[in-house]
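Q: Note that the protein sequences, when read in sequence, are chains A and B.
Anchor point for the first sequence: position 36 equals 641 in our numbering, and the numbering is continuous, going up by one each time.
Anchor point for the second sequence: position 2 equals 607 in our numbering, and the numbering is continuous, going up by one each time.
Protein chains: 2
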Amino acid sequence: MGASRAQPRASSQIGADEVRYAVDVAAGRRPASLLLRGGRVVNVFDGSLAPAEVALAGRLIASVTAAADAAGAAAMAPEAVVELEGALIVPGLIDGHVHIESSLVTPAAYAEGVVPRGVTGVVWDPHEIANVAGMAGVEWLLERCESLPMEVWITVPSSVPSTPFETAGAELGLAEIEALLEHPRVVGVAEMMSFPAVVAGDETELSKVALAEAARKTAEGHAPELAGRALQAYLASGIGSDHESTTLTEGREKLAAGAFLMVREGSVTRDLQALLPLVTPRHADRVGFVTDDRLPHDLLDEGGVDCLVRRSIRAGADPAYAVRCASYNVARHYGLRRRGAVAPGFVADLAIVADLQGFAARAVYKDGRRVAEDGRLLRAAAAGPGERPAPAGAVLGTVRLPALDATALRLDDPGGPVRVIEALPNQILTRALTLAPTVEGGRVLADPARDLLKLACLERHGRRGSVGVGLVTGFGLTRGALAGTVGHDHHNLLAVGADDGDMLTAAARLQELGGGFVAVAGGRVLAELQLEIAGLVTDAPLDRVESAMRALDAAARELGVTLPAPFMALSFLGLPVIPELRLTDLGLVDVLAGGIVPFAAEG
Amino acid sequence: MGASRAQPRASSQIGADEVRYAVDVAAGRRPASLLLRGGRVVNVFDGSLAPAEVALAGRLIASVTAAADAAGAAAMAPEAVVELEGALIVPGLIDGHVHIESSLVTPAAYAEGVVPRGVTGVVWDPHEIANVAGMAGVEWLLERCESLPMEVWITVPSSVPSTPFETAGAELGLAEIEALLEHPRVVGVAEMMSFPAVVAGDETELSKVALAEAARKTAEGHAPELAGRALQAYLASGIGSDHESTTLTEGREKLAAGAFLMVREGSVTRDLQALLPLVTPRHADRVGFVTDDRLPHDLLDEGGVDCLVRRSIRAGADPAYAVRCASYNVARHYGLRRRGAVAPGFVADLAIVADLQGFAARAVYKDGRRVAEDGRLLRAAAAGPGERPAPAGAVLGTVRLPALDATALRLDDPGGPVRVIEALPNQILTRALTLAPTVEGGRVLADPARDLLKLACLERHGRRGSVGVGLVTGFGLTRGALAGTVGHDHHNLLAVGADDGDMLTAAARLQELGGGFVAVAGGRVLAELQLEIAGLVTDAPLDRVESAMRALDAAARELGVTLPAPFMALSFLGLPVIPELRLTDLGLVDVLAGGIVPFAAEG
């Protein structure tokens, strides 16, 4: 963190002058910088929606008063007035848990997508960037978060690398976690994904929780389907939340056991419908809204955490409480002061909406400044790519492949049946198949006619130069190759192909781009998306990313692909924590058996 | 704080071994230290009361499981079992704001009074001790809090001294407040009583709030009757609570404005009845229960914060929510982790009650150990005076009067009408009267026939040796004198008398005792209570203090006193922040005019 570690004062911190300004404006000694008049305030404290005038003093809300008060002699004439004509003033929404990388863009581009919708803050677990660029990557993004029209708080990734069966770009050990916890933007330790280790009392995992506790910050949970004694053990560690509940029973048990229940509506996993009965004022400060992972097109079509507010209200949730779940409750969970409410002394992050059901932001204020209106970020608020600080070394040029010749993806015939990964539509689970391979001259070949394709995982962090090769079925590719540098969680280069040459061409092109996705056939690039930052995200705007992804999907379909969202599916084929069979740079991993297995099937 | 400042690790902090133990017990790898079986748990998270078995692992709750789970093969046989036969398991109650000094006892004796009632924690503002013994006094009591059967958290007194019109024993400036905020038992800056200065934007007062915020702790409020713009300005400072609401309108406005609403039921000020409609689950985490000040007899008769739980439920409040207001909500407000709930990973501070209406604790557990049953503290938990660390120098021998001769209390006739304080029954407000004094030989005399008595305030901290003398009416004393070293907030020695000699005898006796209350007549001590610690509290048990106070009140009545609770009334006659007329060691203070005034009435 260099110089910033010595004096970690994030711009999000409130200065003494700012506080005095707010006190002066409220007391009527100084004019408000802005008066929002004629609106109704959504009050997260008492659940009311009542007419009120909101006076701002720079970045802070100075006062929220009944119109009669504000019109009184005590108030000085404000410097500016906005007439709201009955619209609602809502605290700017805060997403309780998100991996921005899933949207394939930088925080700046992400903000361009969600700020106009009323999202003024997110808690980001930069798990993917950390797996590529480690401490330096997290330091880079912490700096990157300083000048956005959206507040970004960070949870320190707790699982870098995720398993010993892969080569990640970096490690974040206890010392790194402890150092990062000191940064004022860091609000906790991110989701403790190795829940079996926590339940087993693993010393390193418990130490991560203890570090968060010692720093008076949170340790976040990730405990899919955990219940009964195992759930009790997981929470006894001090982990304070969970965002993996998919059923009402699961959510109810976790909430009762003391976990802050994060209700998630991501792109792949959508839990709001199931958990809706728990979104009730009876559950007070114990429920929050999160998106976790949102693909570019969903972010464009449905928005970020605003989507949960809108949907839950339409489905019958108490409107003020739905807002609370995406604002004050999240702020409270993370101990964020002066955040998540329209009240004196709070930061003036606000959205103006005509009604809560629609939740279409007419205007959005960040730090007391208007940053968006009618669905568009205002020019002044949107730092163009030219104005943004250029990405630094740690996150650029991260695709460092070993030298690869024509034989790099060769698979020798082991003589007999082999293990084959089956990719399944619309889920990240895979199946482990045993098939007789198609063999020629002692080599196992891709055989598109049988939908048997080569799958390769190429270590791309310049560390080991290791290459894993295997077979996959389920894509339907008839020629060419698809490849990408997004490969959870180690983010090595994954390529699937009907042809070794096209796979190598794709890898070479990704090295040139510094990361991204490509579709190749006949030695020619048919479509591509550059993800130049850590090989995971780009500084390009969200709509460009979304159209590039559509072009890539179209190219894949042209090459015969029948699997939906094939590049996303490919990015999960290397994830050795989800059953059944995976391929990393170190080889095939049998997830349930918990180890590397040979290509040749047993027996 | 000496050595403890370098390594401030309060016993309340949870160690890594303790966490591992809890995880192991929950997971079934180790036997529970204690299993509470057959009870029903009051769940503050979802508001439910459901049958459950609670397994403890030393100081922590390891698991809270349905009976079916606990009986399963996974659980190991516990080391001990208590059968609860349908009784309720409630989180140990936490009083959100209390001045223990008002009960005239040390924290240890206070704990003896309230722990058997289910109160296992208090947030103490040691405002009185700090005004006498300053930093050294607070350091002493922080040490004193380490070995109690009750958790004591401290808020740093913010108003020491309270005004410039008095000589307190010490000052706590910004540097002292900042240093104390580092201590792990310190949870915030105590009630910011100088609310007009905060509203006025006073730099020192705003700095106190900023120090709390920088330490990620709270700044507590005290804003009686503040409303409208002034309230908004007060809260814009960052102050996060208020416990001075006495009407529903006032409480509702403060809650809506974002203050954590502390509902108070003290000895003098009782607000629960008025604020009861706000004690509703709709207000989620925004309401807490506090006692503020409780006299010894009220503490014995009605209890501590348990009184609010009992009364609010009897008056119709949601039972689980009433418990939440005196447990989880308070813990949450102060950022106390692992406190205030019966849930895995939480500290095993628990009360067992047959029903919530009665809230009579059958047993109380602190840190997983049974410390009280059937209304009595268990011997092992109650450190006898012999076992308690002896009070140290800073808080002993604090009555250091100047040399006083027979003329010390002389009042020269100013020639004309003089200012007289009128003490009023059952309130701490006084009235300022103008009367012709009774004069003899150029001296103003006490004249019991007119209920005109001498009132003296003797600086007793050994600092200035200043003595204020005046007249008071309303006591009805016909002979002798009453005196005490409790004198808000400076705690100089206050004496009221029909006779200068008896007043001086009383003062001399208090010097011998090191503080307390005495009733004297004819040169003889009729009754007394020693308050040897800071001249404010004693290590004696609560019932002894209560009977001594009854004897003192009886002696006062014998001397003709008609004013109820005359020693308490006396203790407030020197408080220069409550209208109208007061006497400090520096002379008469006209509170509304805001300054020292002469004995002679103007005109």
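C-beta: ideal position from N, C-alpha, C; glycine also.
#1: Run through chain B and tell me which residues come within less than 8 Å of A:THR725, C-beta to C-beta.
#2: Could you name the residues of chain A that B:SER668 contacts, counting a contact when the two beta carbons are closer than 8 Å?
#3: So within the segment 1003 to 1029 of chain A, which uninterrupted beta strand (DSSP E) runs reach at least 3 residues, ignoring any that extend past its ends?
#4: With distance defined between alpha-carbon atoms, name the residue in B:ALA1170, B:ALA835, B:ALA805, B:GLU781 nearest to B:ALA817.
#5: Is B:ALA1037 near B:ALA1061, with beta carbons less than 7 Å apart?
#6: Name the residue from A:PHE1177, A:VAL624, A:LEU904, A:GLY620 whose alpha carbon lies nearest to the alpha carbon of A:GLY871.
#7: Please compile the residues from chain B whose C-beta is within a distance smaller than 9 Å of the C-beta of A:HIS827.
#8: May I have the straight-line CA-CA distance separating A:ALA1051 from A:LEU1082, to the nearest angstrom?
#9: Please confirm whether B:VAL646 and B:ILE699 have their CB atoms less than 7 Å apart.
#10: In the structure shown, what three-state DSSP assignment does A:HIS702 receive?
#11: Identify the contact partners of A:GLU1234 in chain B, using a Cβ-Cβ distance below 8 Å as the criterion.
#12: Can you name, in chain order, every residue of its own chain whose Cβ lies under 7 Å from the Cβ of B:LEU831, other than the five neighbours on each side?
#13: Measure the CB-CB distance between B:ASP954 and B:GLY718 and report whether it falls below 7 Å.
#14: Along the chain, which unbroken stretches of the alpha helix (DSSP H) at least 4 residues long are found entirely within the segment 704 to 744 of chain A?
#15: Determine, using beta carbons only, whether A:ALA680 and B:ALA841 come nearer to each other than 7 Å.
#16: Any Cβ of chain B within less than 7 Å of the Cβ of A:LEU639?
#17: Fully enclosed by the segment 934 to 977 of chain A, which beta strand (DSSP E) runs are 3 residues long or longer?
#18: Would you say B:ASP651 reaches chain A, if we count a Cβ-Cβ gap shorter than 7 Å as a contact?
#19: Give the DSSP-derived three-state secondary structure of A:GLU1151 in the structure shown.
#20: Quick check on A:LEU746: buried or exposed, where buried means 16 or more other Cβ atoms within 10 Å of its Cβ?
#21: Return no unless some Cβ of chain B is closer than 7 Å to the Cβ of A:VAL804.
#22: Any C-beta of chain B within less than 8 Å: which residues of the segment 872 to 893 of chain A qualify?
#23: Name, in chain order, the residues that DSSP records as bridge partners for A:VAL695.
#24: Using DSSP with H/G/I as helix, E/B as strand and the rest coil, what is B:LYS859?
#25: First and last residue of the alpha helix (DSSP H) that includes A:GLY1046?
#26: Taking B:VAL1000 as the reference, which of B:VAL1130, B:THR711, B:PRO924, B:VAL1166 has the closest Cα?
#27: Look up A:ILE1033 in the DSSP assignment and say whether it is helix, strand or coil.
#28: Under 8 Å Cβ-Cβ, which residues of chain A neighbour B:ASP954?
#29: Under a CB-based cut-off of 7 Å, is A:GLY633 close to chain B?
#30: What runs of the alpha helix (DSSP H), each 4 residues or longer, lie entirely inside the segment 643 to 674 of chain A?
#31: By the three-class DSSP mapping on this structure, what secondary structure does B:MET867 have?
#32: Pick helix, strand or coil for A:ARG875, following the three-state DSSP scheme.
#33: Counting Cβ pairs closer than 8 Å, one from the segment 973 to 983 of chain A and one from the segment 732 to 747 of chain A, do we hit at least three?
#34: Give me the Cβ distance between B:ALA1126 and B:ASP1107, rounded to the nearest whole Å; I'm assuming they're in contact under 8 Å.
#35: Between which two residues does the beta strand (DSSP E) holding B:ALA1228 run?
#36: Does any residue of chain B have a CB that is nearer than 7 Å to the CB of A:ALA925?
A: To lay it out plainly:
#1: Here the premise fails: no neighbours, minimum Cβ distance about 18 Å.
#2: ARG834, GLN837, ALA838, ALA841
#3: 1023 to 1028
#4: B:GLU781
#5: no
#6: A:LEU904
#7: Near A:HIS827 there are no residues of chain B at all, since even the closest Cβ is about 16 Å away, more than 9 Å.
#8: 10 Å
#9: no
#10: strand
#11: Beyond the ends of chain A as shown, which are 606 and 1208, falls residue 1234 of chain A; an answer cannot be given.
#12: PHE800, TYR839
#13: no
#14: 712 to 719
#15: no
#16: no
#17: 955 to 958, 966 to 971
#18: yes
#19: helix
#20: buried
#21: yes
#22: PRO886, ARG887, HIS888, ALA889, ASP890, ARG891
#23: A:ALA956
#24: helix
#25: Careful: A:GLY1046 lies outside any alpha helix (DSSP H) and carries neither H nor E.
#26: B:THR711
#27: coil
#28: Per Cβ cutoff of 8 Å: no residues; B:ASP954 is ~15 Å from chain A at best.
#29: yes
#30: none
#31: strand
#32: strand
#33: no
#34: 6 Å
#35: Outside the modelled stretch of chain B, which goes from 606 to 1208, sits residue 1228 of chain B, for which no answer is possible.
#36: no
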